[in-house]
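Asker:
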Amino acid sequence: MTPTTSDLHPTLRPMYETVLRRNPGESEFHQAAHEVFESLSPVVAKRPEYVQASIIERICEPERQIIFRVPWVDDAGKVQINRGFRVEFNSALGPYKGGLRFHPSVLLGTVKFLGFEQIFKNALTGLPIGGGKGGSDFDPKGRSDGEVMRFCQSFMTELYRHLGEYTDVPAGDIGVGGREIGYLFGQYKRITNRYEAGVLTGKGLSWGGSQVRTEATGYGLVYFVDEMLRAQQTSFEGKKVVISGSGNVAIYAAEKVAQLAGTVVAMSDSGGYVVDENGMDLEVMKDLKEIRRGRISEYAEGREARYLEGGTIWDVPCDIALPCATQNELDETHAATLVKNGVRIVAEGANMPTTQAGTRALREAGVQFAPGKAANAGGVATSALEMQQNASRDSWSFETTDARLRDIMQGIYGSCMMTAEEYGMPGDVIAGANIAGFTQVADAMLSQGVI
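Just so we're aligned, residue -7 is where the sequence shown starts under the working numbering, counting upward by one.
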């Protein structure tokens, strides 16, 4: 459903209508833009220079949109064709920074919504990185290593000309892990004849990668929620946590919850979800998902856990819900169930996993809600730390990098709270995140002229 303009400030309505008109059919991008516009009413009232300089309209238009053909040969010798994307959205704060997603659902609108979110997420980290995103409708599931390598090499053969450590620095996302980053980096190095380590992040530790990068998004999410709990003078101890998904973000969020004395009672994948009231066994889950690449149903075999095919993980009672799977997975019906079952905090580990109606239902019920652009910024923050290490030919310890990550997440939470207070919405994490990210980018654009 396309969001309406009736709930927007009169100054913002024509701007949002322009977004709809210029980007037809891109519902996810429309949703991402609307969620930011909803928070900007006090900003346009307090900072009229943003309106006079058309800052909002400029932020909504990507600086560059790249679409290209990706031909490759499968193991049977048949030529396959996929489509590649890179949306370089905004470079006011630094080089474009954002992941690559390989999944059949990837369309231009998907990449634009992700890139738009990335602008403000990156700004919130306080690090000098702009916003971008990319990917392909290629599906790595079920493909051999050789097929994945040939696809990645073809993808990079076009994309390399748009990248550089001072231009655009991709990383991983759904469907793009260490294997894919390795193949992409190898092809970039081969084509350019440069060992430009800072051009991709998420690299292996032996060739320019950073400690904590694998864990960063999940750990950062939990650090952010820990700050929310501290503000309520409580902690994770004794709390039941439900985490959707069982990929990188979900697994390491679960690990950090356990380290902070919480209990993760349920996780999921695209087939269903598993409930383990004793707490998920993370070593088993890591082996299942990261090594054997199996289905989550296998977790319940021979264990005191139950697997439910289909259905929704949001039926499981919990104190804290962490949606970490994919966009728009948690709607108003799921939100109502969570509220009925006593949820106190919902924090987004994925990008825009909660529908607008779902978010509204949670907020109206008094549930504390943390949007992905703030709560899941730990991944890109640690990517920027990897860039710092590459630039200085340095390598930091796990403990040093983890401490930096925690400091950054604490800083993001503090920035959200301070900004919400400044603009008359105390305690509103969503408004604080949107406004804090927006104003940082907007001020940089004002300073740099008409860009």
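Every residue gets a Cβ at the ideal spot worked out from N, C-alpha and C, and that includes glycine.
Where V43 and F29 are concerned, what is the direct C-alpha to C-alpha distance, given to the nearest angstrom?
Answerer: Their Cα atoms are separated by approximately 13 Å.
Asker: I'd like the list of long-range same chain contacts for P54, defined as Cβ closer than 6 Å, with 5 residues on each side in sequence excluded.
Answerer: Same-chain partners within the cutoff: V79, F81.
Asker: Do you know whose CA, among H22, I427, M7, P418, lies nearest A223's CA?
Answerer: That would be P418, whose Cα lies nearest to the Cα of A223.
Asker: Are at least three pairs of beta-carbons, each pair with one atom in the region 81 to 100 and one in the region 109 to 128, less than 8 Å apart?
Answerer: Touching, per the Cβ criterion.
Asker: For the region 136 to 169, list the alpha helix (DSSP H) runs that are entirely contained and at least 4 residues long, ordered along the chain.
Answerer: Runs of the alpha helix (DSSP H) inside the region 136 to 169: 137 to 151.
Asker: Consult DSSP for V62 and reduce its assignment to one of helix, strand or coil.
Answerer: Residue state, collapsed to three classes: strand.
Asker: Restricting to Cα atoms, I'd like to know which of A357, R186, L300, A366 is closest to G210.
Answerer: G210 has its Cα closest to that of A366, out of A357, R186, L300, A366.
Asker: Quick check: the Cα distance between I166 and F77, rounded to an integer number of angstroms?
Answerer: Their Cα atoms are separated by approximately 14 Å.
Asker: Of the choices D67, D399, C316, Q203, whose alpha-carbon is the least far from that of P345?
Answerer: Out of D67, D399, C316, Q203, C316 has the C-alpha closest to the C-alpha of P345.
Asker: Under 8 Å between the Cβ atoms of G370 and L197?
Answerer: No, the pair does not count as a contact, with Cβ atoms beyond the cut-off.
Asker: Which partner residues of E80 appear in the DSSP bridge assignment?
Answerer: Answer is R56, G124.
Asker: Any idea what DSSP makes of T346, helix, strand or coil?
Answerer: In this structure, T346 counts as strand in the three-state DSSP scheme.
Asker: Give every residue of the same chain whose Cβ lies closer than 7 Å to the Cβ of G86, excluding the five residues on either side of it in the sequence, and list them in chain order.
Answerer: Counting only Cβ-Cβ distances below 7 Å, and skipping sequence neighbours, we find P120, I121, G122.
Asker: May I ask which residues mark the beginning and end of the alpha helix (DSSP H) holding T329?
Answerer: Where T329 is concerned, the enclosing alpha helix (DSSP H) stretches over 324 to 332.
Asker: Which of helix, strand or coil does DSSP assign to A258?
Answerer: A258 falls in the strand class under three-state DSSP.
Asker: If you draw a straight line from the C-alpha of S389 to the C-alpha of G239, how long is it?
Answerer: The alpha-carbon atoms of S389 and G239 are separated by roughly 24 Å.
Asker: Taking only three categories from DSSP, how would you classify Y88?
Answerer: Looking at Y88 - three-state DSSP - the assignment turns out to be strand.
Asker: Can you give the beta carbon distance from W64 to R142, rounded, assuming they're within the 8 Å contact cut?
Answerer: Yes, W64 and R142 are in contact; Cβ-Cβ is about 5 Å, under 8 Å.
Asker: In the DSSP output, which residue or residues are listed as bridge partners for G264?
Answerer: DSSP output for G264 lists D261, E301 as bridge partner(s).
Asker: Below 6 Å CB to CB, which residues in the same chain sit around N426 once its five sequence neighbours on both sides are set aside?
Answerer: Cβ neighbours of N426 beyond the five flanking positions: V28, S31.
Asker: Apart from the five residues on each side of it in sequence, which residues of its chain come closer than 7 Å, Cβ to Cβ, to E269?
Answerer: So the list reads V257, once near-sequence residues are dropped.
Asker: Give a yes or no on whether the C-beta atoms belonging to V168 and R75 are separated by under 8 Å.
Answerer: Against a cut-off of 8 Å, the Cβ pair of R75 and V168 comes out as no contact.
Asker: To which residues does DSSP link T111 through a beta bridge?
Answerer: Note that residue 111 is Ile in the sequence shown, not Thr. In the DSSP output, where bridge partners are listed per residue, I111 has none listed.
Asker: Could you pull the DSSP bridge partners for L4 from this structure?
Answerer: According to DSSP, which records beta bridges pairwise, L4 is partnered with nothing at all.
Asker: Just to confirm my understanding: we take T318, look at its own chain, exclude 5 residues before and 5 after, and list those with CB closer than 6 Å. What are they?
Answerer: Closer than 6 Å at Cβ, skipping near neighbours: A342.
Asker: With DSSP collapsed to three states, give me the class of V241.
Answerer: Of the three classes helix, strand and coil, the one that applies to V241 here is helix, per DSSP.
Asker: Keeping to the same chain, check which residues put their C-beta closer than 7 Å to that of V103; ignore five residues upstream and five downstream.
Answerer: Excluding residues within five positions, the ones whose Cβ falls inside 7 Å are F77, V79, K125, G126, G127.
Asker: Which residue or residues does DSSP assign as beta-bridge partners of N74?
Answerer: N74 pairs with V62.
Asker: How many whole angstroms separate the CB atoms of R396 and V359, which I take to be in contact at a CB cut-off of 8 Å?
Answerer: About 30 Å separates the two Cβ atoms, so there is no contact after all.
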